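Taken in order, these protein sequences are the chains called A and B.
Taking the numbering used here, the leading residue of the first sequence gets 1, the next gets one more, and so forth.
Taking the numbering used here, the leading residue of the second sequence gets 1001, the next gets one more, and so forth.
For each residue, glycine too, the CB sits at the ideal point set by N, CA and C.
Since we're looking at a predicted model, the values are computed, not measured.
What follows is a single structure, written as structure tokens, with notes after it.
Protein chains: 2
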Amino acid sequence: MEITLESPLDMHLHLREGAMLRQVAPLSARHFAGAVVMPNLTPPVDSLERLRAYRAAIMEAVAPFTFTPWMTLFFRPYPTATLAAARDEIIGVKLYPEGVTTNSAGGVRDLEAVEDTLAAMERLGIPLLVHGETHGFVLDREAEFLPIYARWAKRFPRLTIVMEHITTAAALELLERFPNLAATVTVHHLLTTLDDVAGGLLQPHLFCKPIPKRPEDRAALQAAALRAHPRLMFGSDSAPHPRERKEAAACAAGVFSAPVALALLAGLFARHDALANLQAFVSDNARRVYGVTPPARRVRLARRPWQAPERYGDVVPFYAGQTLEWQVTDVEP
Amino acid sequence: MEITLESPLDMHLHLREGAMLRQVAPLSARHFAGAVVMPNLTPPVDSLERLRAYRAAIMEAVAPFTFTPWMTLFFRPYPTATLAAARDEIIGVKLYPEGVTTNSAGGVRDLEAVEDTLAAMERLGIPLLVHGETHGFVLDREAEFLPIYARWAKRFPRLTIVMEHITTAAALELLERFPNLAATVTVHHLLTTLDDVAGGLLQPHLFCKPIPKRPEDRAALQAAALRAHPRLMFGSDSAPHPRERKEAAACAAGVFSAPVALALLAGLFARHDALANLQAFVSDNARRVYGVTPPARRVRLARRPWQAPERYGDVVPFYAGQTLEWQVTDVEP
């Protein structure tokens, strides 16, 4: 069994900087024709100058692959002129509530105070990408944020709002209510629940934010992805940390899935007789939601078991050392 | 502010064997006059011969402190004669469903098949101690086990059944329904929720089974402990693991709280103006539930800040390196 995908896309990706960027970027660029690159570096990507330098570093790291890094600015209350100047170089602005995840210390404290900026983004046609979690109890954070999504979706009906890495059935219900909402979902939230993280021995390499939720949440996410809900896009949220930051007294949040994501998705869709919908989930939906055209690159996968590496450098990937049913067999560079 | 406790007791304790036993047993024996010792060693304590040898090793390790290790047998479908022979040397039999926690591989697979043994224990007056979790989703395991407690409590009305390390408001509700049910609660379940384990950076040293639950569960547990519910007993479930088994790719379950438990309890009870109930919670309730008399030893605590050690040997304790408001100031050996 085989499938050929046209320009698979990863609509939520952490590429880091420096040596880590050089290590992980080619792994994404090999399988994906483009990706939405998150701006939560230290310091964050919050100026065009920094964004251009980061984009150049990424382009250098991904060679020889043809790969489009769709850049994002870290949300600030930017003046309209700044947003207008940035518009052609960004795919959106990423909003983090303060302190909710890795390198979000400079995020937004007062979610009411952002609305002038959102209005400007709406006028300029710049999408808003959101890490939608409150500071509440860990299992409730996403659900508690949903009213904020609803408020913005209603108030800014022409603003495209992307609910990033959704993890709950409730988020999918909200997606139905507003046509200007879209969402990304990761492969690890399609495949794991809190049971996988903490039900047996504790698994730091599966620990991420938002934390995976209940089996019924995963079932709802799977169902929406498998039927290729037109506003649900694949976004890996692949987030590498060196092993010593994971197997530690305080473990950083993030699952490194980039090199195994497509193979795992093909396996999931194949097991559910939904391979015909994979193209939409990993590429077409994103093109339509964002109105982007990726470079044309075919990626072929086949049902042929292989063992995922235990490590990529000092990063332990999702499914490390495990046998995957499907693999990427052929890529156009 | 000071308090003197008469023979504090830890009604759920893991003392391990060998070097670890020799390291941790004195830390318990310094603060507690007695403890219920769990039998889930490898292999389990499931014969009188092994139990006597383990008891002797404990007595050797706790010298010079006067300390009663109340021994438990690992649940098997023991013949009545075996139970009758063991009765005077054990405080109870500890039942683990198979595979639910550390060293429970030899536990019970068929919970219906145990009832002959429970009937014999009821006749002989031997309490049943239970790790009450199913194999369901990690957050539901205790709640799913409650009907089994209810069934046994009803079927064996003269059998004392101790629900070990309860973590939910629902377990406390069940406690009200059957007078032959009792329960232990740990200090870490009184002080933490899932937020502490996985809400920020992941904290392997706070990872235990059952996993801490929601804020409302913790609130219910605190309320019951602070009013010294007469069938709720302190049991630390203190479970040391060497650091390399915690800060690892797969982290063992267990919080090592023995050396800080009494100080943390005093702080908790003091903050809630409930110090007058601490004696019942850490000693008197257990004496009444089990009908035991511990050695007479006074332990004095005072409100005097101190910093908990970062390590005891290669074990990282609960509240490692943090400042505790209360401390044990004086112990009778």
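Opposite residue i in the DSSP bridges: which residues?
i: A/Met-163; result: A/Val-130, A/Ala-183
i: A/Trp-306; result: A/Leu-324
i: A/Thr-72; result: A/Gly-92
i: A/Glu-2; result: A/Ala-302
i: A/Asp-195; result: BP columns for A/Asp-195 are empty, so no partner.
i: B/Asp-1330; result: B/Arg-1300
i: A/Leu-202; result: B/Cys-1251
i: A/Pro-97; result: A/Val-108
i: B/Met-1233; result: B/Thr-1184
i: B/Asp-1010; result: B/Ala-1035
i: B/Ser-1238; result: B/Leu-1013
i: B/Tyr-1312; result: B/Val-1315
i: B/Phe-1256; result: B/Pro-1317
Kindly list the residues whose CB is nearer than 7 Å to the CB of residue i, restricted to its own chain and excluding five residues on each side of it in sequence; keep chain order.
i: B/Gly-1267; result: Leu-1324, Glu-1325, Trp-1326
i: B/Ala-1270; result: Met-1001, Arg-1303, Trp-1326
i: B/Phe-1318; result: His-1188, Val-1255, Phe-1256, Ser-1257, Val-1260
i: A/Ala-171; result: Glu-142, Leu-146, Met-163, Ala-183
i: A/Leu-48; result: Ala-85, Ala-86, Glu-89
i: A/Gln-279; result: Leu-5, Glu-6
i: A/Pro-308; result: Per the sequence shown, residue 308 of chain A should be read as Ala rather than Pro. Excluding residues within five positions, the ones whose Cβ falls inside 7 Å are Val-260, Pro-317, Tyr-319, Ala-320, Gly-321, Gln-322, Leu-324.
i: B/Lys-1246; result: Pro-1204, His-1205, Ala-1252, Val-1316
i: A/Asp-217; result: Thr-167, Thr-168, Ala-169
Report all residues from its chain with a CB closer than 8 Å to the CB of residue i; omit the five preceding and five following residues, and keep chain order.
i: A/Asn-180; result: Ala-153, Phe-156, Pro-157, Arg-158, Leu-159, Thr-160, Ile-161
i: B/Glu-1310; result: Val-1316, Ala-1320, Gly-1321
i: B/Glu-1244; result: Asp-1314
i: B/Glu-1017; result: Leu-1041, Tyr-1054, Ala-1057
i: A/Leu-334; result: Outside the displayed range of chain A (1 to 333) lies residue 334 of chain A, so it cannot be described from this structure.
i: A/Asp-116; result: Pro-77
Consider the Cβ of residue i: report whether some Cβ of chain A lies at a distance smaller than 8 Å.
i: B/Leu-1015; result: no
i: B/Gly-1313; result: no
i: B/Gly-1199; result: yes
Are the C-beta of residue i and some C-beta of chain B separated by less than 8 Å?
i: A/Val-316; result: yes
i: A/Thr-193; result: yes
For residue i, return the contacting residues in chain B, with the cut-off set at a CB-CB distance below 7 Å.
i: A/Ala-286; result: Per Cβ cutoff of 7 Å: no residues; A/Ala-286 is ~30 Å from chain B at best.
i: A/Gly-106; result: Residues of chain B passing the Cβ test: none, with the nearest at roughly 17 Å.
Starting from the beta carbon of residue i, find every residue of chain B whose beta carbon is closer than 8 Å, and list them in chain order.
i: A/Glu-247; result: Glu-1247, Ala-1248, Ala-1249
What in chain A is Cβ-close to residue i, meaning under 7 Å?
i: B/Ala-1252; result: Leu-201
Would you check whether the ligand HEM has a heavy atom nearer than 7 Å to the C-beta of residue i?
i: A/Ala-248; result: Ligands in the displayed structure: none, and consequently the ligand HEM is not present.
Suppose the cutoff is 6 Å on Cβ atoms and the five residues either side in sequence are ignored; what does the same chain contact list for residue i look like?
i: A/Pro-242; result: Asp-314
i: B/Ile-1166; result: Ala-1183, Val-1185
i: B/Pro-1044; result: Phe-1074, Gly-1106
Query raised in the report: Taking a cut of 7 Å between CB atoms, which residues from the segment 64 to 91 of chain A lie near chain B?
Result: none
Requested in this report: Determine which residues of the segment 1202 to 1214 of chain B have a Cβ less than 7 Å from any Cβ of chain A, and write them out in chain order.
Outcome: Leu-1202, Gln-1203, Pro-1204, His-1205, Phe-1207, Ile-1211, Arg-1214
Query raised in the report: Of all the residues that make up the segment 130 to 148 of chain A, which are near chain B by a beta-carbon distance shorter than 8 Å?
Result: Phe-137, Val-138, Leu-139
Query raised in the report: According to a CB-to-CB cut-off of less than 8 Å, which residues of the segment 210 to 239 of chain A neighbour chain B?
Result: Ile-211, Arg-214, Pro-215
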